[in-house]
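**Q** Handing you this structure, nothing more for now.
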Amino acid sequence: DGGITQSPKYLFRKEGQNVTLSCEQNLNHDAMYWYRQDPGQGLRLIYYSQIVNDFQKGDIAEGYSVSREKKESFPLTVTSAQKNPTAFYLCASNYRVGRDTQYFGPGTRLTVL
Amino acid sequence: EDQVTQSPEALRLQEGESSSLNCSYTVSGLRGLFWYRQDPGKGPEFLFTLYSAGEEKEKERLKATLTKKESFLHITAPKPEDSATYLCAVQVTGDRDDKIIFGKGTRLHILP
Numbered sequence: 001d002g003g004i005t006q007s008p009k010y011l012f013r014k015e016g017q018n019v020t021l022s023c024e025q026n027l028n029h030d031a032m033y034w035y036r037q038d039p040g041q042g043l044r045l046i047y048y049s050q051i052v053n054d055f056q057k058g059d060i061a062e063g064y065s066v067s068r069e070k071k072e073s074f075p076l077t078v079t080s081a082q083k084n085p086t087a088f089y090l091c092a093s094n095y096r097v098g099r100d101t102q103y104f105g106p107g108t109r110l111t112v113l
Numbered sequence: 114e115d116q117v118t119q120s121p122e123a124l125r126l127q128e129g130e131s132s133s134l135n136c137s138y139t140v141s142g143l144r145g146l147f148w149y150r151q152d153p154g155k156g157p158e159f160l161f162t163l164y165s166a167g168e169e170k171e172k173e174r175l176k177a178t179l180t181k182k183e184s185f186l187h188i189t190a191p192k193p194e195d196s197a198t199y200l201c202a203v204q205v206t207g208d209r210d211d212k213i214i215f216g217k218g219t220r221l222h223i224l225p
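The structure is reproduced here in structure tokens:
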């Protein structure tokens, strides 16, 4: 089955720690995205990547970092510099940035203790 | 500034009671509009893409329509399993890359 997987489903972090969220897709999509979703707010774009070894900041990139070493993988690191990291994180992918339907993974809920 | 507004924020209907959800947008250079369904604690599930005014798409009890300023998601004779948050997103031209802007969603609750 083709799709997008995210792990872990739930993640707990102590203040001051960095954590990395995994996102893998086997849809042969070139573009991948990370969004943050908070209650009562729309999805907000953190980072996106069109090709391997290239990525761009979205609207709320501060306190986050990404890498794109493989086409299939786009991990997101939430650093200690992110002041309010508790949220639901969604990974998405499509063939070309901004050009066609995005498909989403199941999400990771991050809670800072 | 590009903006997407969904209304109402929440809607409670009796089973079988048809209604419509609205997605209005003020954007420059609309390239497409997307509807998604999202269940609690899960990722959004793609429903429809609309590209031009007058276009309509249907899937089971759902029908999406598009005008130059808004889109409607019509729900006919809904069932409790249609309860979810429905998200609207628009694809617009950007400075470097096209971008997708999401509305805040409409929480739909169908009562049995």
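Protein chains in written order, with my numbering: chain A, 1 to 113; chain B, 114 to 225.
Note that CB positions come from ideal geometry on N, CA and C, so glycine has one too.
1. Between Gly105 of chain A and chain B, is the shortest Cβ-Cβ distance under 8 Å, so that the two count as touching?
2. Taking Cβ-Cβ distances shorter than 8 Å, what residues in chain E pair up with Gly42 of chain A?
3. Answer with buried or exposed for Asn26 of chain A, where buried requires no fewer than 16 other C-beta atoms within 10 angstroms of its C-beta.
4. Quick one: which unbroken beta strand (DSSP E) runs of 3-plus residues sit fully inside the stretch 170-199 of chain B? Chain order, please.
5. Taking all protein chains shown into account, do 16 or more other C-beta atoms lie within 10 angstroms of the C-beta of Tyr164 of chain B, making it buried, or fewer, making it exposed?
6. Just tell me which of B:Val117, B:Ser141, B:Arg125 has its CA closest to the CA of Ala197 of chain B.
7. Is the beta carbon of Gln37 of chain A closer than 8 Å to that of Gly63 of chain A?
8. Per DSSP, what kind of secondary structure is Leu224 of chain B in: helix, strand or coil?
9. Quick one: Cα of Pro75 of chain A to Cα of Cys23 of chain A, how far?
10. How big is the Cα-Cα spacing for Gln17 of chain A and Thr77 of chain A?
11. Please compile the residues from chain B whose C-beta is within a distance smaller than 7 Å of the C-beta of Gln102 of chain A.
12. List the residues of chain B whose Cβ lies closer than 7 Å to the Cβ of Val97 of chain A, in chain order.
13. Please confirm whether Phe159 of chain B and Thr111 of chain A have their CB atoms less than 8 Å apart.
14. For the beta strand (DSSP E) containing Arg44 of chain A, list its first residue and its last residue.
15. I think Tyr47 of chain A touches Val66 of chain A, with their Cβ atoms under 8 Å apart; what is that distance to the nearest whole Å?
16. So, with DSSP's three-state summary, where would you put Ala81 of chain A?
17. Taking the alpha-carbon positions, what's the Lys217 of chain B to Val52 of chain A distance?
**A** On the basis of the supplied data:
1. yes
2. Protein chains A and B are contained in the structure displayed, whereas chain E is not.
3. exposed
4. 175-179, 183-188
5. exposed
6. B:Arg125
7. no
8. strand
9. 6 Å
10. 10 Å
11. Ile213
12. Asp210, Asp211
13. no
14. 44-51
15. 4 Å
16. coil
17. 31 Å
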